[in-house]
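Asks: Just so we're aligned: 443 in numbering that gives the first Met the number 0 is position 444 of the sequence shown, and the numbers increase by one with no gaps anywhere.
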Amino acid sequence: MSSTLEQLEDIKWVPTICPYCGCGCGLYLIVKGGRIVGVEPWKEHPVSEGKLCPKGRNAYEFLYAKDRLRKPLVRRNGELVEASWDEAIGRVAEEFGKASPDEFGVLASGKTTNEEGYVLQKFARIVMKTNNIDYCARFCHSTTVGGLGPTVGSGVMEASVLDYELPDCFIIAGVNIHETFPAIARRVRRAKKHGAKVIVIDPRRTLTAKLYADIHLQLAPGTDVALVNGMMRIILDEGLENRKFIEERTVGFEELREHLLKLDLEEVEKVTRVPLEKIREAALTYAQAEDASILYDEGITEYTTGVDKISALADLAMLTGQVGKPGCGVNPMRGQITGEGTGDMGCLPVFYPGFKRLEEETFKFFKEAWGVDELPEKPGKTTMEMLETCKQLYIVGFNVMVSAPDINNVRRMLEEKDFVVVQDILMTETAKLADVVLPAAAWAEKTGVHAWTDRRVQLVRKAVDPPGEAMPDWQIICKIAERMGYGKYFNYGSSRDIFDEIRRCVPQYKGITYERLEKSPQGIQWPCPSEDHPGTPTMFVERFGTPDGLGHFKVVEYKPPAELPDGDYPLMLTTGRVIFHYHTGTMTRRTRRLNGEIPTGYVAISEGDARRYRVRNGDKVYLVSRRGRVMVEARVSDEVPEGLLFMPFHFSECAANLLTNPALAPGAKMPEFKLCAVKIEKEGDK
Ligand code: SF4
């Protein structure tokens, strides 16, 4: 009896936040004898409300994976072999010391803490004297910045996750919220119970379309601009635009109106392949709602025309005045735990921390704040540009060998580099190609702050020690800086020290402190300008984020995707996620229960195409694009229409990104992950 009691006393419940999607659910890690043994929902946490999706319920097993990195590795005679920290850091410092600023690049992560992102960009700018730093949001939301920046003034989620049960209408565009943002989906379900109407815009019949949609606009892939323009034209024809909002809070309406009046709605129907009556029904439903919200993600953003699509969605929200109200607005959904925070911290080639532009005032501010005489002023390179042109790369928590488009080419580019350092928690596909691999502590092994999709800043607490000699990313970065002679700029004793510096340099975070976060289960949403400010659940209540405070309508015209089917490659392939896996599978595929549910990739094919190409359910087929060839199991499914295939992108052994198109969106430099032309071959075909 007493030994059972002693065992119970040995158990700690550590409150923290789920390491997976952008919702930011609270959970307890159950720690026994210095090891995490389970997860319990955190009942008082307002985002999760005591509920967790399968990923959250299984959030820790990957920490104990066999290939967890425990010691630094350096490449000798072609092999990665264990080395001391002293040797590994010495090698990195020596090689980095030879790099020229233009030929050195840093790829940052949406999974490390805000503090680590901050220290990493400071390292790039002070030590390596370059703005060549970018992070994985380049592959999911760089078009959001290009679309929402000029229209509403900021590429952030306008509303709070907690308020998504308030609207009486939703447009859910290019995002399968049921599988990818379950805590948000739960609120949409509740809104629906209270009578809200849900319009899903998606070429696939996803679970979200099947379970939530009152109206499913199953458009031809990539034709969203034509569809949204058509909806706006119908709203104008019906006189349902919000004149008061347009007059008081926007500019550029007349140009938009003129453009829309020239639109041929029959052409819209033809291009989108959505019956006009359905487009009309959706337009009227959205325009007549009291409070309406637009949620979107990669099905909108990951196109060469992503910026235009997002501008059109912003136009639609402003046309109807659905901005600045709880739960409403145009809401990009960021899929990683620091998807927002790493950008806030300035891991971007054209922004310093706090989204400060590359201009004199910014350089002056940071020279003073950091105590340096010079800072790089020239815009840096984006992720694909760094992969293509830099001779040295420092890759922190970014698995480009699964997540970048046209992986065969990414491999070639990495193999041709002079020197590649990968810092990560596990032996990823990218780490295998590195010259030096540095073992990092994972999310539950360090304390720090992350900013979730709705700008919610929360504290993640250390529950256990990192394995072997692994250490938090910020400590590794500081060690490299010190060895390179820049230690005095990186003299931090804890992540709290770094956060105090962030508060001084990033106005949006000024009022957020560790003490406040420790007491606040729901975190604090930036902007939070002072310590007595409660944070900002809803953006743009009175002013937009543009310099003049007004919303700017932008005229956009439909342009087709970069690669469409033809005689050689007659089918379209789109990619996405499933509920049991997360991004490149690094964590979920090392979690038995999650991987057991969907152990490998598949391609969804319609019944019609299955008949046409003589494919049966479960057959192994080859998918071939102009860039690669992948063998994958076929699943005959009603999820895709004829002509369209779908593959989840989490699985390196049948990586969808061997096939995808690296064509970039102008300006935003987003690759067109969401659509490429493919053909099906079977064993024995030529
Ligand atoms: Fe984690 Fe997202 Fe699931 Fe919540 S909804 S438990 S944050 S993966």
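For glycine and all other residues, C-beta sits at the position ideal for the given N, C-alpha and C. Please read all numbers here as calculations on a predicted model, not as lab measurements.
Using the rule of at least 16 other Cβ atoms within 10 Å of the residue's Cβ for burial, across every protein chain shown, is H551 buried or exposed?
Replies: Working through the sequence shown from its first residue, we reach residue 551 at position 552. Buried: at least 16 other Cβ atoms inside 10 Å.
Asks: Between which two residues does the alpha helix (DSSP H) containing M231 stretch?
Replies: Against the sequence shown, residue 231 aligns to sequence position 232. Under the DSSP assignment, M231 falls in the alpha helix (DSSP H) whose first and last residues are 223 to 236.
Asks: Among G152, F397, P404, D434, which one has its Cα closest to the Cα of M669?
Replies: Taking the first residue of the sequence shown as 1, we reach residue 669 at position 670. Checked all of G152, F397, P404, D434; the closest Cα to M669 is P404.
Asks: Please confirm whether I125 and Y393 have their CB atoms less than 7 Å apart.
Replies: On the sequence shown, residue 125 is found 126 positions in, with the first residue counted as 1. On the sequence shown, residue 393 is found 394 positions in, with the first residue counted as 1. No, the Cβ-Cβ distance between I125 and Y393 is not below 7 Å.
Asks: How long is the line joining the alpha carbons of E541 and P100, rounded to whole angstroms?
Replies: Mapped onto the sequence shown, residue 541 falls at position 542. Mapped onto the sequence shown, residue 100 falls at position 101. Taking the straight line joining both Cα atoms gives about 42 Å.
Asks: In the DSSP assignment, find the alpha helix (DSSP H) that holds Q287 and state where it starts and stops.
Replies: What you label residue 287 is simply residue 288 of the sequence shown in a count that begins at 1. Residues 275 to 287.
Asks: Here's a check: name, in chain order, each residue in its chain whose Cβ is nearer than 8 Å to the Cβ of A313, leaving out the five neighbours to either side.
Replies: Along the sequence shown, one-based indexing puts residue 313 at 314. Cβ neighbours of A313 beyond the five flanking positions: G146, L147, T150, V151, V329, G550, K553.
Asks: Output the residue ranges of the beta strand (DSSP E) runs that lie fully inside the region 37 to 77 and measure 3 residues or longer, sorted by chain position.
Replies: 72 to 75
Asks: Of the choices Q422, I234, Q217, whose alpha-carbon is the least far from that of R67?
Replies: By 1-based counting over the sequence shown, the position of residue 67 is 68. Nearest of Q422, I234, Q217 to R67, Cα basis: Q422.
Asks: Does the count of Cβ pairs from the region 635 to 644 and the region 554 to 574 closer than 8 Å reach three?
Replies: yes
Asks: Need the endpoints of the beta strand (DSSP E) that F418 sits in, please.
Replies: Taking the sequence shown and counting its residues from 1, one reaches residue 418 at position 419. 418 to 423 is the span of the beta strand (DSSP E), which, as asked, contains F418.
Asks: Quick one, which of I16, G617, I176 has its alpha-carbon nearest V602's?
Replies: One-based indexing of the sequence shown puts residue 602 at position 603. When only C-alpha atoms are compared, the closest one is G617.
Asks: Mapping DSSP to helix, strand and coil, what is I475?
Replies: The residue given as residue 475 occupies position 476 in the sequence shown. Three-state result, I475: helix.
Asks: Which of the three DSSP states, helix, strand or coil, is assigned to I679?
Replies: Along the sequence shown, one-based indexing puts residue 679 at 680. DSSP places I679 in strand when its eight states are reduced to three.
Asks: If G109 and T382 are in contact, beta carbons under 8 Å, what's the gap, nearest whole angstrom?
Replies: Stepping through the sequence shown from its first residue, residue 109 is reached at position 110. Stepping through the sequence shown from its first residue, residue 382 is reached at position 383. About 12 Å; that fails the 8 Å criterion.
Asks: Please report the straight-line C-alpha distance between L51 and C24, rounded to a whole angstrom.
Replies: Walking along the sequence shown from the start, residue 51 turns up at place 52. Walking along the sequence shown from the start, residue 24 turns up at place 25. It is roughly 7 Å from the alpha-carbon of L51 to the alpha-carbon of C24.
Asks: Relative to ligand 1, is the shortest distance from any of its heavy atoms to the C-beta of Q181 smaller than 6 Å?
Replies: Locating residue 181 in the sequence shown gives position 182, counting from the first residue. Looking at the sequence shown, residue 181 is not Gln but Pro. Yes.
Asks: Apart from the five residues on each side of it in sequence, which residues of its chain come closer than 7 Å, Cβ to Cβ, to S141?
Replies: Numbered from its first residue, the sequence shown carries residue 141 at position 142. Result list for S141: A667, K668, M669, in chain order.
Asks: Whole angstroms are fine: how far does the CA of A368 sit from the CA of V224?
Replies: Residue 224 sits at position 225 when you count from the first residue of the sequence shown. Residue 368 sits at position 369 when you count from the first residue of the sequence shown. Distance between the alpha carbons of V224 and A368 is about 43 Å.
Asks: Mapping the DSSP letters down to three states, classify S519 as helix, strand or coil.
Replies: Residue mapping note: residue 519 aligns to position 520 of the sequence shown, counting from 1. Coil, per DSSP.
Asks: Express the C-alpha separation of S493 and M0 in angstroms, rounding to a whole number.
Replies: If you number the sequence shown from 1, residue 0 lands on position 1. If you number the sequence shown from 1, residue 493 lands on position 494. With a pLDDT of 45 at M0, under the threshold of 50, the predicted position of this residue should be treated as unreliable, though the coordinate-derived value follows. For M0 and S493, the distance between alpha carbons rounds to 41 Å.
Asks: Per DSSP, V126 is paired with what?
Replies: Indexing the sequence shown from 1 puts residue 126 at position 127. In the DSSP output, where bridge partners are listed per residue, V126 has none listed.
Asks: Is the beta carbon of M586 less than 7 Å from the beta carbon of F61?
Replies: Numbered from 1 along the sequence shown, position 587 holds the residue referred to as residue 586. Numbered from 1 along the sequence shown, position 62 holds the residue referred to as residue 61. Taking 7 Å as the Cβ cut-off, M586 and F61 qualify as a contacting pair.
Asks: Could you tell me which uninterrupted beta strand (DSSP E) segments, each at least 3 residues in length, are contained entirely in the region 84 to 114, listed from first to last along the chain?
Replies: 103 to 107
Asks: Is H193 helix, strand or coil by DSSP?
Replies: The residue given as residue 193 occupies position 194 in the sequence shown. DSSP places H193 in coil when its eight states are reduced to three.
Asks: If you draw a straight line from the alpha carbon of V505 to that of F354, how long is it in whole angstroms?
Replies: On the sequence shown, residue 505 is found 506 positions in, with the first residue counted as 1. On the sequence shown, residue 354 is found 355 positions in, with the first residue counted as 1. CA-CA distance, V505 to F354, rounds to 8 Å.
Asks: What I want to know is whether the C-beta of C52 ends up closer than 6 Å to one or more non-hydrogen atoms of ligand 1.
Replies: As a first step, residue 52 must be located in the sequence shown, where it is residue number 53. Here the distance from the Cβ of C52 to the nearest heavy atom of ligand 1 is below 6 Å.
Asks: Go ahead and pull the three-state DSSP assignment for Y211.
Replies: By one-based count along the sequence shown, residue 211 stands at place 212. Note: Y211 maps to helix in three-state DSSP.
Asks: On the CB-based measure, 16 or more other CB atoms within 10 Å of its CB, does M317 come out buried or exposed?
Replies: One-based indexing of the sequence shown puts residue 317 at position 318. Buried: at least 16 other Cβ atoms inside 10 Å.
Asks: Skipping 5 residues on each side, what residues in its chain have a beta carbon closer than 7 Å to that of N594?
Replies: The residue given as residue 594 occupies position 595 in the sequence shown. Answer for N594: T587, R588, listed in chain order.
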